[in-house]
Every structure is written in structure tokens, then in C-alpha cells.
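Number of protein chains: 2
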Amino acid sequence: MKNVTIKDVAKAAGVSYSTVSRALSGSPEISEETRGRILDICKEMHYTPNTVARSMVMKSTKLLGLILPGINNPFMSELSYHIDRQARARGYNIILCNSSRDIEQERELFELMIGRQVDGVILLPAGPESYDSLQPFFSRLPTVFVGENLRDAQESYVSVDNFRGTYMGVEYLYRLGHRDILYFGKRQGSITHQLRSEGYAAACQDLGLTPQFCNNTFPGTSIKYGYQLAKQLLVQERRFTAVFASTDTNALGIMQAAEEMGLKIPQDFSLLGFDNIRDSGLPRIELTTIEQPMKMLASVAVHTLLEKVQNELAGYTHRILTPTLIERSSCRQV
Amino acid sequence: MKNVTIKDVAKAAGVSYSTVSRALSGSPEISEETRGRILDICKEMHYTPNTVARSMVMKSTKLLGLILPGINNPFMSELSYHIDRQARARGYNIILCNSSRDIEQERELFELMIGRQVDGVILLPAGPESYDSLQPFFSRLPTVFVGENLRDAQESYVSVDNFRGTYMGVEYLYRLGHRDILYFGKRQGSITHQLRSEGYAAACQDLGLTPQFCNNTFPGTSIKYGYQLAKQLLVQERRFTAVFASTDTNALGIMQAAEEMGLKIPQDFSLLGFDNIRDSGLPRIELTTIEQPMKMLASVAVHTLLEKVQNELAGYTHRILTPTLIERSSCRQV
DNA sequence: CTCTATTGTAAAAGCGTTTTCGCAAAAAAG
DNA sequence: CTTTTTTGCGAAAACGCTTTTACAATAGAG
Numbered sequence: 001m002k003n004v005t006i007k008d009v010a011k012a013a014g015v016s017y018s019t020v021s022r023a024l025s026g027s028p029e030i031s032e033e034t035r036g037r038i039l040d041i042c043k044e045m046h047y048t049p050n051t052v053a054r055s056m057v058m059k060s061t062k063l064l065g066l067i068l069p070g071i072n073n074p075f076m077s078e079l080s081y082h083i084d085r086q087a088r089a090r091g092y093n094i095i096l097c098n099s100s101r102d103i104e105q106e107r108e109l110f111e112l113m114i115g116r117q118v119d120g121v122i123l124l125p126a127g128p129e130s131y132d133s134l135q136p137f138f139s140r141l142p143t144v145f146v147g148e149n150l151r152d153a154q155e156s157y158v159s160v161d162n163f164r165g166t167y168m169g170v171e172y173l174y175r176l177g178h179r180d181i182l183y184f185g186k187r188q189g190s191i192t193h194q195l196r197s198e199g200y201a202a203a204c205q206d207l208g209l210t211p212q213f214c215n216n217t218f219p220g221t222s223i224k225y226g227y228q229l230a231k232q233l234l235v236q237e238r239r240f241t242a243v244f245a246s247t248d249t250n251a252l253g254i255m256q257a258a259e260e261m262g263l264k265i266p267q268d269f270s271l272l273g274f275d276n277i278r279d280s281g282l283p284r285i286e287l288t289t290i291e292q293p294m295k296m297l298a299s300v301a302v303h304t305l306l307e308k309v310q311n312e313l314a315g316y317t318h319r320i321l322t323p324t325l326i327e328r329s330s331c332r333q334v
Numbered sequence: 335m336k337n338v339t340i341k342d343v344a345k346a347a348g349v350s351y352s353t354v355s356r357a358l359s360g361s362p363e364i365s366e367e368t369r370g371r372i373l374d375i376c377k378e379m380h381y382t383p384n385t386v387a388r389s390m391v392m393k394s395t396k397l398l399g400l401i402l403p404g405i406n407n408p409f410m411s412e413l414s415y416h417i418d419r420q421a422r423a424r425g426y427n428i429i430l431c432n433s434s435r436d437i438e439q440e441r442e443l444f445e446l447m448i449g450r451q452v453d454g455v456i457l458l459p460a461g462p463e464s465y466d467s468l469q470p471f472f473s474r475l476p477t478v479f480v481g482e483n484l485r486d487a488q489e490s491y492v493s494v495d496n497f498r499g500t501y502m503g504v505e506y507l508y509r510l511g512h513r514d515i516l517y518f519g520k521r522q523g524s525i526t527h528q529l530r531s532e533g534y535a536a537a538c539q540d541l542g543l544t545p546q547f548c549n550n551t552f553p554g555t556s557i558k559y560g561y562q563l564a565k566q567l568l569v570q571e572r573r574f575t576a577v578f579a580s581t582d583t584n585a586l587g588i589m590q591a592a593e594e595m596g597l598k599i600p601q602d603f604s605l606l607g608f609d610n611i612r613d614s615g616l617p618r619i620e621l622t623t624i625e626q627p628m629k630m631l632a633s634v635a636v637h638t639l640l641e642k643v644q645n646e647l648a649g650y651t652h653r654i655l656t657p658t659l660i661e662r663s664s665c666r667q668v
């Protein structure tokens, strides 16, 4: 099971191992004849350079850490796919790390990534406290936050324009004739959620609507929490013709609750989501939503990080992408 | 941005670096006093051992390759989550690699993993040809297939009992009174799919039913392909009261087609899936299905691989797990 | 025909660890 | 007190590679 090394190749070719190294790295200081001969021998012997040894001397592992709450989450897994593709296209591999939304584990993972000498990390934070909790690491490890807007934080991030997303959403519902729009799942803490509810409030103000909130008191956003919250909401008899859910997962929860209570969407009320996770496009779901451009998010994230890594840039970059409205069938004209 | 090394710590502590190493590794050949002093200095200097350097001498990277068609696939991302958790609990990290169902890329990834000196790889194969295509690598890199039954192949795999799964499914539908059960999405090639259709056929035979197939002529199984195939099927006026879809994604495609054509599930026909992907439990989907126990699959896969790695076992292991029926509301009594 | 460029290759240094070996000093035994 | 054993630690080798430096051999210039 032991691997063939550059020395074995050198011996077989009857040259020194520096010559083999040159042959492989495309150095000009070698004759085409020797190079050809060596390359043939490499192939024949199934020689694969030891990346670990190379990393040591090059002081670069060509490895990126991807730290996220949970890869089993449609939004994150979609994003991860694109991140991996993008990274590999640029010669990097990804080490996958699930923090399970645990701020302590997240910190441990950073420590681990430093030990592993990754060239940088792409972070989907475990929670709003992540930025503060991890701050000591940022100077030791190039980092870029993805999907989370950190406002004016002193670290790189790429995110969608959450404020504009909800603003657009309200405008859309307004155009469909809705005047009583409820914002579902407003949360404290996460700046992303703060911006989303601010965008909603601003649009209401500009259009002369009265903002109406249903606050999420649960520790996170998931189908289950959305469902439980919706159960509470739907017995309250509040007046609304449309619900703007803070995330698609929340919207899915609402759907489930509505279903159970015999309410039809969009007949009884329109429902608008945010994120455009895969599930939202599913046959009987057909949720109209504000899309986060995940492929772009991934691509910009990798680009931003590598720019930092390769040019040894100090400082940080903030990139805010524009969301798009995806019209499906959960909103109707009134 | 340069990291502090063991030498820096040694200098600060006024000892040789072998002493520092001993202090950290818990060697008994060091006095408790010196150890304490050194550990304090390590903490103070934010020293994190360089795993790459350690890997070189230990000849183990504590890294596992995870090669799969696409992490953006509910089944695979769920599985990956558990694989990562399990691996990390045992001191390993995961390098994520998407093959995009491309047999050629898959091979390149193996090459890459060998270069990176991973201790082993967990493989969700890109296709039925994967086993043959990758065979040359298996002797160089401990590998375990997951989710795919390779029958009597000479390599480790852990999979669900696909034959038994469909067999159980048919029995269930039979108990609900169905006598005309159509198997949707039979495919060539993949042994998993072969076993599933065989299980279906065997159950039909044993129960005195006539097997009825709708073959999948598309290159893979996805919602879109399922949808297209279902469109063809539903105009054919074949007689059936239940459809057994070869995968949940296929079932989702059928739902979409049925929806469009004004057919109701389970009123117009019952629908049974296989896999129990996350989507199947979603509010308005509620697909009854045969579950693959993903957490168990992940756990057994990691265990099997590490056993091989750590004990330097030659040979292979086949582990077949039992599936469970998850009853939701896409099947009705007739 | 000697002197200097140019070219192809070999040898050595270094990357950050772990581990083996050996040497002192301290402790135990005689 | 001397001799032997233990204990704590330093020096150095090894891991597989890249890069730099040094050195031949060949070719071109004077």
C-alpha cells in the first residue's frame, strides 16, 4: 500500500530527483527529451506527487475550509455544491465542517482549520454571535462570510441585498392588490433578519401600508418552528391577505399549518417566501419567493477569498448581490 | 500572518523542540513541571500544531475523501451531514468532492485524493460503471461504497436492502387492497435499481400479481426526468391503482405531472416512493415511502472504512441495512 | 585554441513535526 | 562512597517534496 515517491521515479529514470521535479513542474531548465522520458516513467509507475509534502515547502495547502451550520439544509447544500465546483476549478479542495449551529464547535473548527493550514475559510456563521466569537481568528486565517450581511463589520462578506429583497417583495404584493401584508418570523440577532424586516417596514412606509409583524420567538428558523408559529398566528384572527415569510423554510411551515387548518394558499391568503431553496420549486409547493442567487454567491465568495489569499491582501471586501423575484403560484391578485 | 511553530515555543520555553513535542503528546518521559510550563506558553503564544507536518511523519492525514455525484441532492447532503459528524467524532475531517455524475471527473478525484494522501475514501458512485472504472485505485486507497449495493463485488460497501425494500412496499400496497401496481422508473445498469425492480417483481409473483413496468430511459433519476416520464405514462391509459416509484425524486416528478393533468393523489392513484428524502416529508407532499436509514448508513460507512484503515485490513466488507416503511398520505386503501 | 556563456543535471537546504538514540544528572542499590 | 539504574531532556534523523546553489559539459566568441 505504500506509495511511489519522486525518488523511486528518479532511480528508475537514472536521474536525480530534482530533475524529476523539474520535469513535472514544467521548468524550462530541462531538455524536452528528458522530460518526455521522465513523464512516461511517471505514468508507468503510477506516480502521484505527494500534495502534503508539497504543501509543506510551498506553504500553501490548496485547501479551503467550509464551515457551515449543517450541510443538510437545502440552501447550504446548494451553495456548497457551487462553492466546491468553483474552488476546484481554481485548484483548491474543500474541507467540509458542520458546526451544527453551535458557537463553541464553530470555534473549535476554526482552531482545527488553522492546524490543518487551510489557505482560507468560507463561513456560513452558526449564529449572530459568530462574528464576535471568531474575531481573534480572522487575523490568522483569511475568512469570508457568505449569505450573511455583516453590515459594516471589519471582515469580508458576500451576501444578497436582504433589505432590497423584502422591499421588492412588498412592492410585488402591493401590485397584486394586497394592502394587509403580514411579516412572518421577524427575529432578533441576525443582521440578515434585521435587514429583511427593515426592508419590509420601509416598503410599507413608502406605500402607506401599516406594518404588521409576527415575531419568531424560536431559536432558529426551520419548517418545524415555522409550523408552530403559524399555528399560533392562524387562530389569532388578525387581518391580512398576504403573508411575507422571512425564509422559505418558515413559509413551508406555514403551508403545513394552513393545510391542517383547512386554509388554502393562495385562495385564503397569499404567501411569499425568501431564499428560493430547492423545495420551493417542488410540484405541489410552488412557492413564490425572493431568490438568493446561490451560484453567484458561491462564485463571488470563492473569488473574494482567493483574492485575499493569493495577493495576501489585508483589509476586507463587502459584496452585496441583487435578489430576484421568482413567481410561482402561492400569490394571487386580489 | 505566519504561524508560530514548535521551535518558537521551544525557544520561548528555553527547551529543545523535542521536549515541546513530548509535552503536547502526553509522553511520560517528561516531568510534570516542565510539561505544565510548556503548555502554558503554548496557550499564551496561540500555538496550534501544524497538522500537515505531523501528517508527513505519521503517514496519516486524518483526512477522508467523500466523493459523490452532487452534494446538492437531498439524499446525499443528509448522508454527508452524518458522515461528517461521525468522522469528526473519530478525529477525521472530510474533503468534499462532487463528481457531477461524471465518470471521468470521478477518476480524477481519486487521483487527487491519492495525491492528498487521504486515509480513505467514502464513495457514492457516479454511475454503474464506477466500480470498473475505479478498480485500479482500490488497492492504493481504502474505499467504501455507500448507498449502492455492489452485489458480490470485491470491494466494501454498505447499502440498504433494496430488494427487501420494494418487496415490503408491494406487500404494503397489497394489504391496502391494490392489485394493479405499476413500477415506475425501472433502469438498466445500477445494481441498486436492478435489485429494486427485482424485489418488486418477486413480490408480485409471490402475491399472484402481474408486474407492470414503466422503464426510465433517461440518463438518471431526478424530478425533471420523473416528470417527463410520468407525462408519457399518464396518457397511455394503463390500468393501475398504485404506482411504486423507484426513487422519491421520481415520485416527486410524478406528483408534478399528476398535478398538471388534474389527477389527485391518492384519490386517483396511490403513490409509493423509495429513499425518504427530506422533501418527501414536506407539508403538501406527504409521500409514503421506503426509508433508507441515512444516519445508520453514514455511521456504518465510516466505521467500516476506519476499520479498514486503522487495522490495515485487506479484504472487504458488505453491510446491508434493513429499510423501513414510512407511512404518510400518498397511499390509500381501495 | 583559450575564455566565457549557456545549458542540463546533481547536491543540499529547508518546510514542522515525531521519534530514536544517547547523554548527563539524579536516584537507588550495593 | 562507589556503582548501577532510572529519569529528563537535547541532538539528529526521517517524512517527500520544491527551490536554490553549484558544478560539469557543451557551444559560441575572440
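Chains as they are written, first to last, in my numbering: chain A, 1 to 334; chain B, 335 to 668. Note that beta-carbon positions come from the ideal geometry of N, C-alpha and C, so glycine has one too. These numbers come from a predicted model, not from an experiment.
Please check if any C-beta of chain A sits within less than 7 Å of the C-beta of B/Glu-412.
Residue numbering aside, residue 412 of chain B sits at position 78 when the second sequence is read from its first letter. Cβ-Cβ to chain A under 7 Å: yes for B/Glu-412.
If you measure beta-carbon to beta-carbon, which residues of the stretch 241-255 of chain A are closer than 7 Å to chain B?
Leu-252, Met-255
Close-in-space but distant-in-sequence residues of the same chain around B/Arg-450 (CB under 8 Å, 5 per side omitted):
Working through the second sequence from its first residue, we reach residue 450 of chain B at position 116. These residues qualify, in order along the chain: Thr-395, Leu-397, Gly-399, Ile-429.
Through-space distance from B/Thr-477 to B/Ile-448, alpha-carbon basis
In the second sequence, residue 448 of chain B corresponds to position 114, counting from 1. In the second sequence, residue 477 of chain B corresponds to position 143, counting from 1. In a straight line, the C-alpha of B/Ile-448 is about 11 Å away from that of B/Thr-477.
Contact set between B/Tyr-415 and chain A, taken where Cβ atoms lie within less than 8 Å
By 1-based counting over the second sequence, the position of residue 415 of chain B is 81. Within chain A, the residues near B/Tyr-415 are Gly-70, Ile-71, Asn-72, Asn-98.
Who are the near neighbours of B/Gln-539 in its chain, counting only those whose CB is closer than 8 Å to its CB and skipping five residues on each side?
Within the second sequence, the letter at position 205 stands for residue 539 of chain B. Cβ neighbours of B/Gln-539 beyond the five flanking positions: Pro-545.
What separation, rounded to the nearest whole angstrom, lies between the Cα atoms of B/Tyr-415 and A/Asp-161?
Walking along the second sequence from the start, residue 415 of chain B turns up at place 81. Walking along the first sequence from the start, residue 161 of chain A turns up at place 161. Roughly 29 Å between the two C-alpha positions.
Partner residues on chain A for B/Ile-619, Cβ-Cβ distance less than 8 Å
What you label residue 619 of chain B is simply residue 285 of the second sequence in a count that begins at 1. Near B/Ile-619 (Cβ distances below 8 Å), the residues of chain A are Leu-282, Pro-283, Arg-284, Ile-285.
Length of the line joining the Cα atoms of B/Ile-557 and A/Glu-198:
Position 223 of the second sequence, counted from the start, is the residue given in the question as residue 557 of chain B. Position 198 of the first sequence, counted from the start, is the residue given in the question as residue 198 of chain A. Taking the straight line from one Cα to the other gives about 36 Å.
Option in A/Arg-238, A/Asp-279, A/Glu-237, A/Arg-239 with minimal Cα separation from A/Met-255:
Translated into positions along the first sequence, residue 255 of chain A becomes position 255. For A/Met-255, the nearest C-alpha among the options comes from A/Asp-279.
What residues in the stretch 201-222 of chain A bring their beta carbon closer than 7 Å to a beta carbon of chain B?
none
Just mark B/Arg-530 as buried or exposed, buried being the case when its beta carbon has 16 or more other beta carbons within 10 Å.
The sequence position of residue 530 of chain B within the second sequence is 196, counting from 1. So B/Arg-530 counts as buried.
Beta-ladder partner(s) of B/Asn-432, from DSSP
Here residue 432 of chain B corresponds to residue number 98 of the second sequence, with the count starting at 1. For B/Asn-432, which the question treats as bridged, DSSP gives the partners B/Leu-402.
DSSP three-state assignment for A/Asn-162, whether helix, strand or coil:
Counting from 1 along the first sequence, the entry for residue 162 of chain A is found at position 162. Looking at A/Asn-162 - three-state DSSP - the assignment turns out to be helix.
By the DSSP assignment, the beta strand (DSSP E) with B/Phe-547 in it spans what residues?
One-based indexing of the second sequence puts residue 547 of chain B at position 213. Note, B/Phe-547: beta strand (DSSP E), 546-549.
Can you check whether the CB of A/Thr-241 is closer than 7 Å to the CB of A/Asp-180?
For the purposes of this step, residue 180 of chain A is identified with residue 180 of the first sequence, where counting begins at 1. For the purposes of this step, residue 241 of chain A is identified with residue 241 of the first sequence, where counting begins at 1. A contact, by the Cβ cut-off of 7 Å.
For the beta strand (DSSP E) holding A/Ser-270, just list the boundary residues, first then last.
Here residue 270 of chain A refers to the residue found at position 270 when the first sequence is read from its first residue. First-last of the beta strand (DSSP E) with A/Ser-270: 270-275.
By how many angstroms is the C-alpha of B/Gln-626 removed from the C-alpha of B/Gln-420?
Along the second sequence, read from residue 1 onward, the residue named residue 420 of chain B stands at position 86. Along the second sequence, read from residue 1 onward, the residue named residue 626 of chain B stands at position 292. Going from the Cα of B/Gln-420 to the Cα of B/Gln-626 covers about 17 Å.
Partner residues on chain A for B/Thr-395, Cβ-Cβ distance less than 7 Å:
In the second sequence, residue 395 of chain B corresponds to position 61, counting from 1. Under the 7 Å cutoff, chain A gives Val-52.
Taking only three categories from DSSP, how would you classify B/Ile-364?
For the purposes of this step, residue 364 of chain B is taken as the residue at position 30 of the second sequence. B/Ile-364: coil per DSSP, three-state reduction.
Please report the distance separating the alpha-carbon of A/Leu-134 from that of A/Arg-54.
Along the first sequence, read from residue 1 onward, the residue named residue 134 of chain A stands at position 134. Along the first sequence, read from residue 1 onward, the residue named residue 54 of chain A stands at position 54. Answer to the nearest angstrom: the Cα atoms are 29 Å apart.
Alpha carbon to alpha carbon, what distance is there between B/Gly-587 and B/Leu-563?
Numbered from 1 along the second sequence, position 229 holds the residue referred to as residue 563 of chain B. Numbered from 1 along the second sequence, position 253 holds the residue referred to as residue 587 of chain B. Those two C-alpha atoms are separated by around 8 Å.
Taking only beta-carbon atoms, is B/Glu-355 less than 7 Å away from chain A?
The count along the second sequence starts at 1 and reaches residue 355 of chain B at position 21. First, the residue type needs correcting, since residue 355 of chain B is Ser and not Glu in the sequence shown. Taking Cβ atoms only, chain A never reaches closer than 7 Å to B/Ser-355, which makes this a no.
Whole angstroms is fine: what's the gap from A/Asn-3's alpha carbon to A/Gly-36's?
Mapped onto the first sequence, residue 3 of chain A falls at position 3. Mapped onto the first sequence, residue 36 of chain A falls at position 36. Their Cα atoms are separated by approximately 22 Å.
Let's test the definition: count the other Cβ atoms within 10 Å of the Cβ of A/Met-45 and tell me whether it reaches 16, buried, or not, exposed.
For the purposes of this step, residue 45 of chain A is taken as residue 45 along the first sequence, with counting starting at 1. That one is exposed.
Using only alpha-carbon positions, find the residue among A/Phe-110, A/Asp-275, A/Ala-258, A/Arg-284 that is nearest to B/Leu-597.
For the purposes of this step, residue 597 of chain B is taken as the residue at position 263 of the second sequence. Per the Cα distances, A/Arg-284.
Do you know how far the Cα of A/Leu-141 is from the Cα of A/Arg-88?
Position 88 of the first sequence, counted from the start, is the residue given in the question as residue 88 of chain A. Position 141 of the first sequence, counted from the start, is the residue given in the question as residue 141 of chain A. Their backbone Cα atoms lie some 20 Å apart in a straight line.
According to DSSP, A/Arg-319 sits in a beta bridge with which residue or residues?
Along the first sequence, read from residue 1 onward, the residue named residue 319 of chain A stands at position 319. In the DSSP output, where bridge partners are listed per residue, A/Arg-319 has A/Val-158.
In terms of alpha-carbon separation, which member of A/Asn-73, A/Cys-97, A/Leu-79 lies closest to B/Ile-417?
Residue 417 of chain B sits at position 83 when you count from the first residue of the second sequence. It is A/Cys-97.
C-alpha distance - B/Glu-412 paired with A/Pro-69, whole-angstrom precision:
As a first step, residue 412 of chain B is located in the second sequence; it is residue number 78 there, counting from the start. As a first step, residue 69 of chain A is located in the first sequence; it is residue number 69 there, counting from the start. Spanning the two alpha carbons is a distance of roughly 13 Å.
So which residues of chain A does B/Ser-464 contact, with C-beta pairs closer than 8 Å?
Locating residue 464 of chain B in the second sequence gives position 130, where the first residue counts as 1. Under the 8 Å cutoff, chain A gives no residues; its nearest Cβ is about 19 Å from B/Ser-464.
I'd like to check one pair, A/Phe-137 with A/Phe-163: are the Cβ atoms closer than 7 Å?
Here residue 163 of chain A is taken as the residue at index 163 of the first sequence, counted from 1. Here residue 137 of chain A is taken as the residue at index 137 of the first sequence, counted from 1. Against a cut-off of 7 Å, the Cβ pair of A/Phe-137 and A/Phe-163 comes out as no contact.
Neighbour-count burial assignment, B/Asn-549, 16 or more Cβ in a 10 Å radius
Within the second sequence, numbered from 1, the residue matching residue 549 of chain B stands at position 215. Answer is exposed; the Cβ neighbour count stays below 16.
Please classify A/Ser-156 as buried or exposed, where buried requires at least 16 other C-beta atoms within 10 Å of its C-beta.
Sequence index remark: in the first sequence, residue 156 of chain A carries index 156 (1-based). That one is buried.
Across which residues does DSSP place B/Tyr-517 in a beta bridge pair?
For the purposes of this step, residue 517 of chain B is identified with residue 183 of the second sequence, where counting begins at 1. Answer is B/Phe-547, B/Phe-578, bridged to B/Tyr-517.
How about A/Ile-6 and A/Val-15: are their beta carbons less than 7 Å apart?
In the first sequence, residue 6 of chain A corresponds to position 6, counting from 1. In the first sequence, residue 15 of chain A corresponds to position 15, counting from 1. Not a contact, by the Cβ cut-off of 7 Å.
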